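Numbering (this note's numbering), first residue to last: 16 to 607.
Cβ coordinates follow ideal geometry from the N, Cα and C atoms, glycine included.
If you're wondering where the values come from, they're calculated on a predicted model, not measured in any experiment.
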Amino acid sequence: MKTNKILIYLGLLAVGLLLGWLLFGGSSKEEADHNHNEVEQTNQMWTCSMHPQIMQPEPGDCPICGMDLIPAESGSDGLMADQFKLTENAMALANIQTTVVGKGNVEGNTIKLSGKIAENEEANAVQVSYFAGRIERLNVSFTGEEVRKGQLLATIYSPELYAAQQELITAASLKESQPALYKAVRNKLKLWKLSENQINQIEETGKVKENFPVYATVSGTVTEKLVEQGDYIKQGQPLLKIANLNTVWGNFDVYENQIDRFKKGQEVMITTNAYPNKEFKGKVDFIDPVLNTKTRTVTLRVVLSNKDDVFKPGMFVTANIEGSTAKNDEVLSIPASSVLWTGERSVVYLKTNPDQPIFEMREIKLGNQIGNEYEVVEGLFVGNEIVTNGTFTVDAAAQLQGKKSMMNKDGGKVMTGHEGHLGMDNNASNKESDHTNMNERLEVSEKFQQQLNSVYNAYINLKDALVKEDSISTSANATTLLNKLNKVDMKLLSDNKAHNHWMSLEGEIKSSATSISETSDIKSQRDHFKHLSSHLINAVQLFGINEKVYVEFCPMADNNNGAYWLSKEEKVINPYFGEAMLTCGEVKQVIE
């Protein structure tokens, strides 16, 4: 009986344990699951649909544009080290578009060249004075005035001519006894371009003319007045420049990697914004045999008929030329909008997964430009999918996520004193990177930073001159920047790593600044300014200048390829467009 009771108690205990496990064990699992969900919820990151580089641990406003942050997509595990992912919202809002690379035959493709109308130098003339004197009357009032051959241009009083006329009158009375003297005096007057009728009239009347006329020797348009009424002039001194504009030149710049595609006699179709619905035919007349070492271009000349006065010297024109090629092989070509330049490298962004917005930077080597496309020599293959619109948005996301990018070829987080403002992740693993990239701050002396600050201030003056579209001041400030750069003492850099970085950057900064100082063409200056800015940004990031610096960006600069610049103020004042689009751009980074 006692044994039965023990068995009953054991049975009841077992049932109790089973019920307890069923009741409380499940709740423990639920509680664990609940805690796990809480952890997942705690680890939720928030991003901006317009600026996917922003990642914050809690909801709020985007520090760049002020938009509400949205939950960031998870599941980026499995990406390669150089790959990064954008949200679908970011793709849509930034209008990021891609295309699959294919082959195209460049034979017969139209090559577009930009150029300018100039006077036909072969049809130009300089009207000179054949004797010294004072201009008593100038009958040409303004440049642009039409003159005809034989038209009276000016009246000149010449003491030498006055004396020569008296010699003629005296010699005429002695022509029977001294015919050689008489003939010599007449020839002297002929050398001064007096006509036979004028000489005979002086001889017959016996009167000396005080003022003599100057007649036009050609017909055309006065392009430059070189004297004013009342000026004293020397024998042979130019008075006017006269251009015959019945024909004009169209001068076009051809890059050195395009030279082999052109030859004399090629047919050219010319268009201009002045007549958007018209095309004008011409032929290649001349290709300059000398390369311009500053712009790396040669001049291609087209002679154009201008009897209807359609073309004006200085007018911008576009030439469409059927490009020839030495090879008929098919070549790989990509849209120009897909390429980003750093001054040394050309890069594109690949979409590595056709089903997901995953991207990766790829360096490529370009060949010739054919219209709006580039030949690709190395770096891409048929079937690669590349970004063709919104390229700079993708690049900004790569740079700020610490991936390889246009300005950061080695990858790694951007190390600045303002990472919190940019929404960057400051975890320890990024700080323990075992390699130095071009954005990591190096330890240098304060004196070196002061010298670099002087270069930066000269750069700011140069930038302000570009804003005002003052090419002369821009060139002068570039020269000042070079002088400041020469005063930077690299001996202050005791660390080999810092020394090597500065050696590389100094050469690039000097090259770009020199190019700006040697030209007065504002467009060319802005092209070189883009590269100058890129290298100086790296220098300021690397070494610091003990001053807050704003890195600003305009997506429409450089023919919609985008360009960066440095500024002392957060307010955007665009040096690439001046008054045309003064406030176009945004702050991309703050360096402290």
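Minimum length 3: unbroken beta strand (DSSP E) runs contained in the stretch 105-173: Segments of the beta strand (DSSP E) lying fully in the stretch 105-173: 112-115, 117-119, 125-134, 139-143, 148-153, 167-172.
Cβ-based burial, Glu594 [other Cβ within 10 Å; buried from 16]: As a working note, residue 594 is residue 579 in the sequence shown. Within 10 angstroms of the beta-carbon of Glu594 lie fewer than 16 other beta-carbons, which makes it exposed.
Residue of Ala554, Leu597, Val397, Leu457 minimising C-alpha distance to Tyr474: Along the sequence shown, one-based indexing puts residue 474 at 459. Nearest C-alpha to Tyr474: Ala554.
Which listed residue (Phe157, Thr185, Tyr145, Gly159) has its alpha carbon closest to that of Glu175: Residue mapping note: residue 175 aligns to position 160 of the sequence shown, counting from 1. For Glu175, the closest of Phe157, Thr185, Tyr145, Gly159 by C-alpha to C-alpha distance is Tyr145.
Chain-order list of residues whose beta-carbon lies under 8 Å from that of Asp246 (same chain, five-residue window excluded): In the sequence shown, the residue the question calls residue 246 occupies position 231. Within the same chain, and ignoring the five residues on either side of Asp246 in sequence, the residues whose Cβ sits closer than 8 Å to its Cβ are Arg149, Ile150.
Alpha carbon of Glu521 to alpha carbon of Ala334, nearest angstrom: Translated into positions along the sequence shown, residue 521 becomes position 506. Translated into positions along the sequence shown, residue 334 becomes position 319. Roughly 38 Å separates the two Cα atoms.
Residue range of the unbroken alpha helix (DSSP H) whose run includes His210: Taking the sequence shown and counting its residues from 1, the one referred to as residue 210 is at position 195. Sequence check: residue 210 is Ser here, not His. Counting along the chain, Ser210 falls outside any alpha helix (DSSP H), and DSSP gives it neither H nor E.
Opening and closing residue of the alpha helix (DSSP H) in which Arg311 lies: Taking the first residue of the sequence shown as 1, we reach residue 311 at position 296. Going by DSSP, Arg311 is part of no alpha helix (DSSP H) at all; its letter is neither H nor E.
Met106 beta carbon near the ligand SAM (any heavy atom closer than 7 Å): This structure lacks the ligand SAM; in fact it carries no ligand of any kind.
Test item: CB-CB of Ser469 and Ala480 under 8 Å: Mapped onto the sequence shown, residue 469 falls at position 454. Mapped onto the sequence shown, residue 480 falls at position 465. Not closer than 8 Å, so no.
Nearest-angstrom Cα separation, counted from Met284 out to Glu337: In the sequence shown, the residue the question calls residue 337 occupies position 322. In the sequence shown, the residue the question calls residue 284 occupies position 269. Straight-line Cα distance between these residues: approximately 9 Å.
Cβ-based neighbour list, Lys249, same chain, cut-off 7 Å, excluding 5 preceding and 5 following: Position 234 of the sequence shown, counted from the start, is the residue given in the question as residue 249. Counting only Cβ-Cβ distances below 7 Å, and skipping sequence neighbours, we find Ala147.
Leu551 in three-state terms, based on DSSP: Mapped onto the sequence shown, residue 551 falls at position 536. Leu551: helix per DSSP, three-state reduction.
Neighbourhood of Glu567 by C-beta distance below 6 Å, restricted to the same chain and skipping five residues each side: Along the sequence shown, one-based indexing puts residue 567 at 552. Once the five neighbours on either side are set aside, the close Cβ partners of Glu567 are Trp580, Ser582, Val587, Gly600, Val602.
Residues bridged to Val402 (per DSSP): To locate residue 402, count along the sequence shown from 1; it is residue 387. The partner list for Val402 (beta bridge, DSSP) reads Thr113.
C-beta atoms of Thr220 and Thr158 nearer than 8 Å: As a position in the sequence shown, residue 220 is number 205, starting the count at 1. As a position in the sequence shown, residue 158 is number 143, starting the count at 1. No.
Straight-line Cα distance separating Arg201 from Glu282: Locating residue 282 in the sequence shown gives position 267, where the first residue counts as 1. Locating residue 201 in the sequence shown gives position 186, where the first residue counts as 1. Computed Cα separation, rounded: 53 Å.
Of the listed residues Tyr290, Gly265, Lys309, Val299, nearest to Arg276 (C-alpha basis): On the sequence shown, residue 276 is found 261 positions in, with the first residue counted as 1. Comparing Cα-Cα distances from Arg276 to each of Tyr290, Gly265, Lys309, Val299, the minimum goes to Val299.
Pairwise C-alpha distance: Glu103 and Asn110: Position 95 of the sequence shown, counted from the first residue, corresponds to residue 110. Position 88 of the sequence shown, counted from the first residue, corresponds to residue 103. C-alpha separation (whole angstroms): 10 Å.
Stretch pair the stretch 126-139 + the stretch 252-271: three plus CB contacts closer than 8 Å: The stretch 126-139 vs the stretch 252-271: in contact.
Arg456, DSSP secondary structure in three states: Position 441 of the sequence shown, counted from the start, is the residue given in the question as residue 456. The three-state secondary structure of Arg456, taken from DSSP, is coil.
The stretch 537-545 contacting the stretch 501-518, beta-carbon criterion three pairs below 8 Å: Cβ pair count under 8 Å is below three, so no.
Spatial distance of Phe326 from Asn261 (CA atoms): In the sequence shown, the residue the question calls residue 326 occupies position 311. In the sequence shown, the residue the question calls residue 261 occupies position 246. Going by the C-alpha atoms only, they are around 10 Å apart.
Minimum C-alpha distance to Val115 - residue among Val317, Trp61, Gln166, Lys366: By one-based count along the sequence shown, residue 115 stands at place 100. Ranking Val317, Trp61, Gln166, Lys366 by Cα distance to Val115 puts Lys366 first.
Span of the beta strand (DSSP E) around Val605: Taking the sequence shown and counting its residues from 1, the one referred to as residue 605 is at position 590. Per DSSP, Val605 belongs to the beta strand (DSSP E) from 601-606.
Val155 burial status per 10 Å Cβ neighbour count (16 or more: buried): On the sequence shown, residue 155 is found 140 positions in, with the first residue counted as 1. Classified as buried, Val155 has 16 or more neighbouring CB atoms from the shown chains inside 10 Å of its CB.
Classification of Ser188 by the beta-carbon crowding that lies within 10 angstroms, buried from 16 upward: Numbered from 1 along the sequence shown, position 173 holds the residue referred to as residue 188. With fewer than 16 other Cβ atoms from the protein chains shown falling within 10 Å of its own Cβ, Ser188 counts as exposed.
Contact the stretch 385-400 vs the stretch 348-363: 3+ CB pairs below 8 Å: Taking one beta carbon from each stretch, the stretch 385-400 and the stretch 348-363 have 3 or more pairs nearer than 8 Å; the two touch.
Alpha carbon of Tyr331 to alpha carbon of Gly417, nearest angstrom: Looking up residue 331 in the sequence shown gives position 316. Looking up residue 417 in the sequence shown gives position 402. The amino acid occupying residue 331 in the given sequence is Phe; Tyr does not appear at that position. Cα to Cα, Phe331 sits roughly 43 Å from Gly417.
Segment limits, beta strand (DSSP E) that includes Asp300: As a working mapping, residue 300 is identified with position 285 in the sequence shown. From DSSP, the beta strand (DSSP E) with Asp300 extends over 290-302.
Pair within 8 Å by beta-carbon distance, Ala578 and Tyr591: Here residue 578 is taken as the residue at index 563 of the sequence shown, counted from 1. Here residue 591 is taken as the residue at index 576 of the sequence shown, counted from 1. It is a contact, given that the beta carbons lie within the stated cut-off.
Proximity below 8 Å, CB of Lys525 to CB of Leu551: Taking the sequence shown and counting its residues from 1, one reaches residue 525 at position 510. Taking the sequence shown and counting its residues from 1, one reaches residue 551 at position 536. No.
Same chain, Cβ closer than 8 Å to Phe407, neighbours up to 5 away in sequence not counted: As a first step, residue 407 is located in the sequence shown; it is residue number 392 there, counting from the start. Spatial neighbours of Phe407 in its own chain (CB-CB distance under 8 Å, excluding positions within 5 residues in sequence) are listed in chain order as Leu355, Phe568, Pro570, Asn576, Gly577.
Close beta carbons around Phe463, own chain, < 6 Å, minus the five adjacent residues each side: Along the sequence shown, one-based indexing puts residue 463 at 448. These residues qualify, in order along the chain: Leu507.
Coil, strand or helix - Phe544 by DSSP: Start at 1 with the first residue of the sequence shown, and residue 544 comes out as number 529. DSSP places Phe544 in helix when its eight states are reduced to three.
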